[in-house]
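Numbering (our numbering), first residue to last: 5 to 158. Okay, so here's the structure we're looking at.
Below, the structure is given as structure tokens:
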């Protein structure tokens, strides 16, 4: 069943591109923007995360944290982060548990790749509740960045 505004955000513990364990509870008391993306180094995924990179000052100014999440390994994500100068952590959902918990998961993706994150955006409030949820069926679509900003502004 799809997560929606008002639902408690599923907890997670994932490793970042810096090989540090990151959990939802680390962000208690802050707004958090989760950006799921199918694969590092692909065109639309790069656009999605570069949009967040280029407006990072806005999120930082609103005391909101940003996380990018995909099923890529932490090592792939570290290179992607370095190449694109992302200021926020990229988390590896290599075991696909978080993508499934957030119902942001393709059983089968392009090129017969199985178990890939769907492009999605979630905003979680200071108490760990989802206040915005957008899961895109088409990997060619981008999240509604204006709607995310409006939610963050409150």
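Quick reminder that beta carbons are idealized off the backbone N, C-alpha and C, glycines included.
| Query | Result |
| --- | --- |
| Residue of 19, 9, 8 and 11 minimising C-alpha distance to residue 100 | 19 |
| One or two residues paired with residue 126 in a DSSP bridge | 38 and 137 |
| Top-ranked residue by Cα proximity to residue 150, from 56, 9, 48 and 113 | 56 |
| Paired residues, beta bridge with residue 70 - DSSP | 37 |
| Start-to-end residues for the beta strand (DSSP E) that takes in residue 22 | Here residue 22 belongs to no beta strand (DSSP E), and DSSP marks it neither H nor E. |
| N- and C-terminal bounds of the alpha helix (DSSP H) containing residue 103 | 101-105 |
| Residue 59 in three-state terms, based on DSSP | coil |
| Bridge partner(s) assigned by DSSP for residue 110 | 120 |
| CB of residue 48 within 8 Å of CB of residue 143, strictly | yes |
| Beta-ladder partner(s) of residue 95, from DSSP | 20 and 73 |
| Where the alpha helix (DSSP H) through residue 88 begins and ends | 78-88 |
| For residue 23 and residue 93, believed in contact at Cβ under 8 Å, the rounded distance | About 11 Å separates the two Cβ atoms, so there is no contact after all. |
| Cβ contact check for the region 109-125 and the region 80-93: 3 or more pairs under 8 Å | no |
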